[in-house]
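Residue numbers (the working numbering), protein chains in the order written: chain C, 674 to 1014; chain E, 674 to 1014.
All C-beta atoms in this analysis are idealised placements derived from N, C-alpha and C, irrespective of residue type, glycine included.
Number of protein chains: 2
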Amino acid sequence: MKKKITLKHIARELEVSISTVSKALKNSEEISRDTKEKVQAFAKLYNYRPNNIAISLKNKRTRNIGVIIPDIVHHFFTTVFRGIEKFANSRGYNVIICVSDESFDKEVINMEMLANGSIDGFIMSLSAETQQKNDFNHLKEVTEQGIPLVLFDRVTDEIECDKVIINDKEVAYAAVQKMIDSGKRKIALVTTDSYFNVSKKRAEGYKKALADNGIPFNEMLVLTLPYQEIDNSYIERFFVENDIDAVLCVNEVFAIHCMGAVQSLGMHIPDDVSFVGFTDGLLSRYFVPSLTTVAQHGEQMGETAAQMLIEKIETEIEEHEEETYRTEIIEATLLERESTK
Amino acid sequence: MKKKITLKHIARELEVSISTVSKALKNSEEISRDTKEKVQAFAKLYNYRPNNIAISLKNKRTRNIGVIIPDIVHHFFTTVFRGIEKFANSRGYNVIICVSDESFDKEVINMEMLANGSIDGFIMSLSAETQQKNDFNHLKEVTEQGIPLVLFDRVTDEIECDKVIINDKEVAYAAVQKMIDSGKRKIALVTTDSYFNVSKKRAEGYKKALADNGIPFNEMLVLTLPYQEIDNSYIERFFVENDIDAVLCVNEVFAIHCMGAVQSLGMHIPDDVSFVGFTDGLLSRYFVPSLTTVAQHGEQMGETAAQMLIEKIETEIEEHEEETYRTEIIEATLLERESTK
DNA sequence: CAGAACTACGAAACCGTTTTCGTGTTGATA
DNA sequence: TATCAACACGAAAACGGTTTCGTAGTTCTG
């Protein structure tokens, strides 16, 4: 077993001091050509690599960024993560990922674990429970310690920090407008039962589009579904009882469920009922008919978040200057497919 | 900005030595009750938390594990990752994840980045390119340094280490047998063009099932598809030219593509053609008809891998004893749905 | 009352780096 | 020949902890 070699080993072997070795490996002017060559050759031979942990301790910089997301088996979050990982890696950072599982406690525990020196900054999307409780003390503590934080998608106004969001309201508006333009009038909204700011924003866009077109908002046309274990008969009844001709769903799974229900009721998509969903995942692409959906450009979101974070990490925080925070908006786009016409 | 407090600060403030503070916080017998209370109260008040990096340096243990996977926007890998994360977290470990993007070079670079002290062990699944090149020197170097390694799913015989795999051959055999039992005879295999050991194993199961039932293997009934950009007309021609009545696909995306093609040719599933895929993702569940598929139990795989790794990390490596390695087999199960009868 | 034993704490080494500063040696300068 | 800069290197502090060991001061023992 070839154990890792350290500066001390090299120093001892070559009968020079540790400082000389360190400087020689950095090609310092202070060290004679002879010594440098000797040291570098030896280091290469034994495949010397500096110990990351020691460097982190010395520099008070880990080159790790912490990512906390509610779920990992989830198309949107994984695309965002890919963007983060890609950008971070290109800048020499590694990514530590923790999953909050939509739980407030796990989110808090994970943050605390990482906040004690393991990472240089956080990128996160709030858990459902955190949004419900409206308790952000763990975030506050972290930012007060001077650890940079970037929130994406599921954000909050309570915390001052960099944020990356998509134009949920506007794109929902556009989607509904499009369906209205194609002659639809009884437009349903299928949304989550838990309190997500994104669902709220999408609902706002939905309502505004109706209002701007003189269509009264009808509470009966809003169907809220649970996150798990969706009851199909419940959906079917919703469609039977209300004479719906178009649907905006806040995610693709809801959309596919509803499309299935509608089809099994013998209705035709998009002629009888049009559908628009959110999240451009495999389902939207491969379902028959394919689903018109809002592409959230998760990867771009992740890259932007990582870039903002690393920028904050790497700019010396001028103690005197007031910190400034940005909110970056990613323009979502409507991908038209077969479920609308 | 409340900066993190250290032992040194506490010591200075309370006019005791650093060692006393350290011991007092650990409730050492050595320290008087009075002093302990004083120190603990102070630490609590200022929310003292030991610096992870310093502890890592001292202990030569990071409590981080490194995970390297080929892709993250991928149902199977994310389920495995969820298992890893869940288990690791329950044991106080964090997870650093790197994505090789199916590239040999990225895999090597990522391993080297992490191997210099950042992690206590690796869990990984080989990239496509690594499997093609058959070059595993980066793995060898890591294991020779005494860093524990667990491979899952995409493994190799060239490296001695713990492994977690599924019974690909057997479950493929069972799937094909099931289709034969229901009267199918012209059974196609749809597989990847790159060299994956898993695809190979599944093909073996397929061939063995045919052989055991006296059905000659026909090269013409094997369709290899690229990983990306699948040409539908190519698939349709395959089904038109060969009078196929059942299909085994090595993943769910291939299956859905083929089912779409078959349906657009006017054939009926499962009466005209039966389908079995691998990976129990959203597509298999929600496609119409829903796809009979092999559930790989990724989460269990991840948990097992994490458990094996942490066990290795935490057992003092008795230098004198020969290292022993295990290969754990996760039993995949066939989930019967509408695409078979 | 001398010596032993115990109590409660501090000094210092250590983990593996980086970096500042000090110093012995050399050769050039006045 | 005394002075001085340049050169090449080493000692030591620092990052933030843990742990071993040494040692004052007190109490117990015979």
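- Residue 777(E) is positioned such that its CB atom lies closer than 8 Å to that of residue 808(E).
- For residue 709(E), the enclosing alpha helix (DSSP H) begins and ends at 706-718.
- Note that the C-beta distance between residue 782(C) and residue 768(E) is not below 8 Å.
- One Cα belongs to residue 881(E), the other to residue 951(E), and the distance between them is close to 18 Å.
- The secondary-structure analysis by DSSP pairs residue 797(C) across a beta bridge with 741(C), 824(C).
- Neighbours of residue 811(C) across chain E, judged by C-beta separation under 8 Å, do not exist; the nearest C-beta is about 12 Å away.
- With a cut-off of 8 Å on Cβ pairs, the region 893-907 of chain E is in contact with the region 919-935 of chain E, counting three or more such pairs.
- Counted as a single uninterrupted DSSP element, the alpha helix (DSSP H) harbouring residue 756(E) occupies residues 748-763.
- Collapsing the DSSP output to three states places residue 1001(C) in a strand.
- Within the region 676-702 of chain C, those residues whose Cβ lies closer than 9 Å to any Cβ of chain E are, in chain order, 676, 677.
- Residues of the region 856-882 of chain C with a C-beta atom less than 8 Å from some C-beta of chain E do not occur.
- Within chain C, the C-beta atoms nearer than 9 Å to that of residue 754(E) come from 745, 746, 770, 772, in chain order.
- Judged by DSSP secondary structure, residue 835(E) falls within the beta strand (DSSP E) whose first and last residues are 835-839.
- For residue 908(C), the CB contacts under 8 Å within the same chain, skipping 5 residues up- and downstream, are 896, 898, 930, 931, 934 in chain order.
- In the DSSP assignment, residue 971(C) falls within the alpha helix (DSSP H) that extends over 971-987.
- Only 817, 818, 819 from the region 806-830 of chain C bring a Cβ to less than 7 Å from some Cβ of chain E.
- Residue 819(E) is classed as exposed because its beta carbon has fewer than 16 other beta carbons within 10 Å across all chains shown.
- Linking residue 794(C) to residue 941(C) through their CA atoms gives a straight-line distance of about 50 Å.
- Neighbours of residue 955(E) across chain C, judged by C-beta separation under 9 Å: 748, 925, 926, 929, 954, 955, 956.
- Identification of residues in the region 779-791 of chain C having a C-beta nearer than 9 Å to some C-beta of chain E yields 779, 782, 783, 785, 786, 787, 788, 789, 790, 791, given in sequence order.
- Taking the Cβ atoms as the reference, residue 805(E) lies roughly 12 Å from residue 827(E), outside the contact range of under 8 Å.
- Taking the C-beta atoms as reference points, residue 863(E) is found no nearer than 8 Å to residue 949(E).
- Residue 871(E) and residue 763(E) have their C-alpha atoms some 30 Å from each other.
- Here residue 750(E) is buried: its Cβ has 16 or more other Cβ atoms, across all protein chains shown, within 10 Å.
- Annotation for residue 687(C): 694, 711, 712, 715 place their beta carbon closer than 8 Å to its own, counting only its chain and skipping 5 residues before and after.
- Chain order gives no chain E residues near residue 887(C), where near means a beta carbon separation below 7 Å; the closest approach is about 36 Å.
- For the region 730-743 of chain E, the set of positions with a beta-carbon nearer than 8 Å to some beta-carbon of chain C reads 730, 735, 737 in chain order.
- With fewer than 16 other Cβ atoms from the protein chains shown falling within 10 Å of its own Cβ, residue 938(E) counts as exposed.
- Contacts between residue 940(E) and chain C, judged by CB atoms closer than 7 Å, are missing: the closest CB pair is about 14 Å apart.
- One finds 959, 961 in chain E with Cβ atoms closer than 9 Å to the Cβ of residue 933(C), taken in chain order.
- Per DSSP, reduced to three states, the secondary structure at residue 812(E) is helical.
- Residue 684(E) sits away from residue 678(E), with the two beta carbons spaced by 8 Å or more.
- Taking the CA atoms as reference points, residue 987(E) sits about 46 Å from residue 852(E).
- Secondary structure note for residue 767(C): its beta strand (DSSP E) is the uninterrupted segment 767-772.
- Taking 8 Å as the CB threshold, residue 966(C) stays off the interface with chain E.
- The DSSP-derived three-state label of residue 933(E) is helix.
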